[in-house]
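Numbering of the sequence shown is given in the working numbering, commencing with residue 331 and proceeding in unit increments. C-beta: ideal position from N, C-alpha, C; glycine also. Down below is the structure, laid out as structure tokens.
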Amino acid sequence: MEDKRIVELFELEADKAIYAFDEKYGRALFQRANQILENVEDAKECINECYLKMWQNVPKRLKNSDALFSYAFATISNIARNMRCRDRKYYVELNDELMSWEQTTDPIENIINRMIVREVMEEICKGSNEICLRVVARRYRNNEPVRKVALDEGLSEASVKMYCRRFRQRVAKALAQRGAGI
Numbered sequence: 331m332e333d334k335r336i337v338e339l340f341e342l343e344a345d346k347a348i349y350a351f352d353e354k355y356g357r358a359l360f361q362r363a364n365q366i367l368e369n370v371e372d373a374k375e376c377i378n379e380c381y382l383k384m385w386q387n388v389p390k391r392l393k394n395s396d397a398l399f400s401y402a403f404a405t406i407s408n409i410a411r412n413m414r415c416r417d418r419k420y421y422v423e424l425n426d427e428l429m430s431w432e433q434t435t436d437p438i439e440n441i442i443n444r445m446i447v448r449e450v451m452e453e454i455c456k457g458s459n460e461i462c463l464r465v466v467a468r469r470y471r472n473n474e475p476v477r478k479v480a481l482d483e484g485l486s487e488a489s490v491k492m493y494c495r496r497f498r499q500r501v502a503k504a505l506a507q508r509g510a511g512i
């Protein structure tokens with residue numbers, strides 16, 4: 331089916347629009363998402379999000395049917411990159427600092443080290459106040475800039491950095507007490 335007809339179907343909000351679009355471009359978009367995410371299930375989820383965005387935005391934003399694939403390709407790329415950032419480890423900075431031990435050939439040792447880190451972090455989270463948890467989660471899980479966290483939480487940038495530093499120090503101290511070998 332031609333792009334012009336697919337755009338018309340989107341404008342009419344016809345269910346056939348998604349099927350026609352998927353038939354024509356689904357494979358290329360899936361390959362792009364999988365190239366970025368390196369995970370088939372995540373790529374499928376990304377495709378679904380892309381189709382939803384296409385359904386919501388094509389009638390409003392796309393008047394030139396020649397740009398249909400370009401718009402879809404840019405959309406899938408952005409969604410996949412955002413998913414990759416969102417799905418990073420819960421504590422990105424902690425992983426860099428605390429989990430930098432040498433990888434051994436013994437996978438059991440690595441599994442045990444990860445379990446110890448997870449247990450320690452859960453214990454510290456239980457003993458932390460709500461503002462600290464919000465700041466740490468936004469900074470490390472969501473990978474938000476210090477300035478944004480500070481503005482949204484009504485804190486100074488120095489306070490955000492202090493919460494994060496103290497949290498990292500508590501994790502490092504607890505790991506050292508447990509002799510985690512990290």
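Next on the checklist: Taking the straight line between their C-alpha atoms, what separation do you get for Glu453 and Asn473?
Outcome noted: The residue labelled residue 453 in the question sits at position 123 within the sequence shown. The residue labelled residue 473 in the question sits at position 143 within the sequence shown. Looking at the two C-alpha atoms, the distance is approximately 22 Å.
Checklist entry - Using 8 Å as the threshold, is the segment 352-360 in touch with the segment 375-382, meaning 3 or more CB pairs across them? => result Taking 8 Å as the limit for Cβ pairs, the verdict is that the segment 375-382 does touch the segment 352-360.
Checklist entry - If you follow the alpha helix (DSSP H) that Gly356 is part of, which residue opens it and which one closes it? => result Indexing the sequence shown from 1 puts residue 356 at position 26. Residues 346-367.
Checklist entry - Below 8 Å between beta carbons: does that hold for Leu367 and Arg335? => result Stepping through the sequence shown from its first residue, residue 367 is reached at position 37. Stepping through the sequence shown from its first residue, residue 335 is reached at position 5. Not in contact: Leu367 and Arg335 (Cβ atoms no closer than 8 Å).
Checklist entry - Below 8 Å between beta carbons: does that hold for Val465 and Val479? => result As a first step, residue 465 is located in the sequence shown; it is residue number 135 there, counting from the start. As a first step, residue 479 is located in the sequence shown; it is residue number 149 there, counting from the start. Here Val465 is near Val479, since their CB atoms are less than 8 Å apart.
Next on the checklist: Which residue wins for smallest C-alpha separation from Val450, given the options Tyr470, Glu353, Gly509, Asp333?
Outcome noted: Along the sequence shown, read from residue 1 onward, the residue named residue 450 stands at position 120. Ranked by Cα distance from Val450, the options Tyr470, Glu353, Gly509, Asp333 are led by Gly509.
Next on the checklist: Looking only at its chain, what residues have a beta carbon closer than 7 Å to the beta carbon of Ala285, apart from the 5 residues adjacent to it on each side?
Outcome noted: Since the first and last residues shown for the chain are 331 and 512, residue 285 lies out of range.
Next on the checklist: In the DSSP assignment, the alpha helix (DSSP H) including Tyr493 goes from what residue to what residue?
Outcome noted: As a first step, residue 493 must be located in the sequence shown, where it is residue number 163. DSSP places Tyr493 inside the alpha helix (DSSP H), whose first and last residues are 487-508.
Item to check | CA nearest to the CA of Ala488, picked from Asp482, Arg498, Phe497, Arg477 | outcome: One-based indexing of the sequence shown puts residue 488 at position 158. When the alpha-carbon of Ala488 is set against those of Asp482, Arg498, Phe497, Arg477, the nearest one is in Arg477.
Checklist entry - Cβ atoms of Lys354 and Met331: under 8 Å apart, would you say? => result Taking the sequence shown and counting its residues from 1, the one referred to as residue 331 is at position 1. Taking the sequence shown and counting its residues from 1, the one referred to as residue 354 is at position 24. Yes, the Cβ-Cβ distance between Met331 and Lys354 is below 8 Å.
Next on the checklist: Given this structure, state the Cα-to-Cα distance separating Ile461 from Met492, to the nearest angstrom.
Outcome noted: Position 131 of the sequence shown holds residue 461. Position 162 of the sequence shown holds residue 492. Looking at the backbone, the Cα of Ile461 and that of Met492 are separated by about 12 Å.
Item to check | Glu338 versus Gln365: straight-line alpha-carbon distance, rounded | outcome: The residue given as residue 338 occupies position 8 in the sequence shown. The residue given as residue 365 occupies position 35 in the sequence shown. Taking the Cα positions, Glu338 is about 30 Å away from Gln365.
Checklist entry - Arg469 and Val490: beta carbons closer than 8 Å? => result In the sequence shown, the residue the question calls residue 469 occupies position 139. In the sequence shown, the residue the question calls residue 490 occupies position 160. In contact: Arg469 and Val490 (Cβ atoms closer than 8 Å).
Item to check | Proximal residues to Val388 (C-beta, below 6 Å), its chain only, five neighbours per side dropped | outcome: Along the sequence shown, read from residue 1 onward, the residue named residue 388 stands at position 58. Contacts found: Phe340.
Next on the checklist: Among the candidates Leu505, Ala467, Glu343, whose CA atom is the shortest distance from the CA of Gln386?
Outcome noted: On the sequence shown, residue 386 is found 56 positions in, with the first residue counted as 1. Selection Leu505, Ala467, Glu343 evaluated against Gln386 yields Glu343 as nearest (Cα-Cα).
Next on the checklist: Just to check my reading of the structure: Cys380 and Ala404 have Cβ atoms closer than 8 Å, yes? What is that Cβ distance to the nearest angstrom?
Outcome noted: By one-based count along the sequence shown, residue 380 stands at place 50. By one-based count along the sequence shown, residue 404 stands at place 74. Actually they are not in contact, since the Cβ atoms of Cys380 and Ala404 sit about 10 Å apart, beyond 8 Å.
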